[in-house]
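Structure first, then comments.
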Amino acid sequence: MSKIKTSLLRNVIIPFGDLIFGQKMMRRINFLEEAQYWPLEKINERRARDLQALIQTAYSEVPIYHQSMNQVGVQPGDINTLDDISKLPIITKEILRAGYPKQTTRSTGRKVYQASTSGSTGKNFYVMEDNLTAGWYRASFILSLEWAGWEIGEPHLQLGMTINRSLERQLKDLFFGCQYVSAYQLDDEHLSTMLDIIDQHQIKYIMGYPGSLYFLAKYAIEQGWNQPLRSIVTWGDTLYPHYRETITKAFSTKVFDTYGCAEGIQISAQCAHGNYHIHTLDTIVEFLDDNGNPVPPGETGNIVLTRLHPGPMPFIRYQLGDLGVPSTDDCCSCGRTFPTMNSIQGRNADVVLTPSGNRLIVHFFTGILEHFCEINSFQVVQQNEETINILIVPNDHISDDRLDEIRFALQTRGADDMNICFNIVDQIPLPSSGKHRFVINKTVE
Ligand SMILES: [Zn+2]
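For the sequence shown, the residue numbers in the working numbering are 326 to 770.
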């Protein structure tokens, strides 16, 4: 049955959806499934061609790249090989924020929409996208899920943040075999419901934020629930070693971590051998020191991304704000030729614990606060058992009514028994690590 369903999805339903939404996702999935085993030379030829086209487009249509290339005296014709990318200037989030949208976007002749992200610096950041771009990164995301053994349409439980599912998403859930539950309702009652759903629907895959899955796994162990699953896929936060250990133990299976960013770029994901393969046909990933030079394999560097698909808002040598380590060994016995990276660092996940026992992960706060455009950056501090203090740096001004709306949104979506105070500040102090923390739980520090 599942084979027939998968084939129907791949050959009829998804191509039909692609036609309606202008995504070309299935075509891209088919391409990537084959290309992941190409010889590296063939992969790199393709990337170099895509890079040339990207630079040409960005130079002629996106003012910020036109100006920055002129400033360093580089013309599109100077970018021929993948190594030539080092001639281009590095673009930071601050530069893109300041120039958005006029200086940083282009017309693709398609309908565009704005996506917001809290990014890794805690400041809201807007990105412009169209359906073709979404189809492009969703294809790589599905490829990551396939690396975890999942096939399109197989039943799975997803812990996510978009609880009010639109009709389009509900249809997608239905076709893709997705049982969608809140990643924010992590009290024992909801965790028990999740285990019931797994039983009822004979689910073999669970996907979501490591922080949420960790609490589900702990609860499953406490309850003596021990049905083996096929695999677990995580995204969005750091998968700490103790998270991985507990999840593996609870569900008697491997955890496949994926790494992407909210700017619409899939960066890497784990194969069954545990290596993080870079989605190298999507993105050029560089690991650079603070002077912009590549770090040697095995050493930590700033992650700088070039998305090979231009879309309405090209990303060329974009410094993400995350740290990563290039791999010392590029060969993986799974047979995929996509290069690997060692580890992902610099994202932190702290948790607020509510008096009734709910656990609020970083994504709970970023997922709600990023929709308030008055917020420049924020930090949540749990002072004591029932109080959180939210430091907010406003863009200009934020009214008391809007603060009430934020409080209401947080309380109705999981923090119903917390006192929520706000503190409007000029800036949020950075810790000595230099890495912004979204959530600090002082009751455990
Ligand atoms: Zn591999």
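Cβ coordinates follow ideal geometry from the N, Cα and C atoms, glycine included.
Note that the structure is a prediction, hence the values are computed from the model and not measured.
- Applying a distance threshold of 6 Å between residue Cβ atoms and the heavy atoms of ligand 1 selects C596, H598, N600, H602, C657, C659, R661, given in chain order.
- Of the other Cβ atoms in all chains shown, 16 or more fall within 10 Å of the Cβ of K529; this residue is therefore buried.
- The C-alpha of E711 is placed about 45 Å away from the C-alpha of L457.
- If the five residues before and after P401 are omitted, its C-beta is found closer than 7 Å to the C-beta atoms of I380, Q381, Y384, all from its own chain and listed in chain order.
- Residue state for V387 is assigned as coil, using DSSP reduced to three classes.
- For R632, the uninterrupted beta strand (DSSP E) segment begins and ends at 626-632.
- As DSSP reads the structure, P664 sits in no beta bridge.
- About 5 Å separates the beta carbon of P535 from that of Y568, a gap short enough to meet the 8 Å contact definition.
- If you draw a straight line from the Cα of A587 to the Cα of Q527, it is about 31 Å long.
- Secondary structure of N720 (DSSP, three-state): coil.
- Fewer than three beta-carbon pairs drawn from the region 542-549 and the region 410-428 are found closer than 8 Å, and the two stretches are therefore not classed as touching.
- Around the beta carbon of F663, a 10 Å sphere encloses 16 or more other beta carbons of the protein chains shown; the residue is thus reported as buried.
- Linking Y601 to S593 through their CA atoms gives a straight-line distance of about 6 Å.
- In this structure, the straight-line span from the alpha carbon of L357 to that of L468 is close to 7 Å.
- Annotation: the continuous beta strand (DSSP E) that includes E611 extends over 608-613.
- For E454, there is no enclosing alpha helix (DSSP H); the enclosing beta strand (DSSP E) covers residues 450-455.
- For T573, no beta strand (DSSP E) run applies; the uninterrupted alpha helix (DSSP H) run containing it begins and ends at 566-576, by DSSP.
- Here DSSP, grouped into helix, strand and coil, assigns P651 to strand.
- Residue burial is scored here from C-beta neighbours: L645 has at least 16 other C-beta atoms within 10 angstroms and is therefore classed as buried.
- For G474, the three-state secondary structure derived from DSSP is coil.
- According to the DSSP assignment, I753 belongs to no beta strand (DSSP E), since it is labelled neither H nor E.
- Taking one beta carbon from each stretch, the region 604-624 and the region 499-507 have fewer than 3 pairs nearer than 8 Å; the two do not touch.
- Rounded to whole angstroms, the separation of the alpha carbons of G682 and D513 is 8 Å.
- With a cut-off of 8 Å on Cβ pairs, the region 646-655 is in contact with the region 603-621, counting three or more such pairs.
- According to the DSSP assignment, L413 belongs to no alpha helix (DSSP H), since it is labelled neither H nor E.
- Linking R435 to D343 through their CA atoms gives a straight-line distance of about 14 Å.
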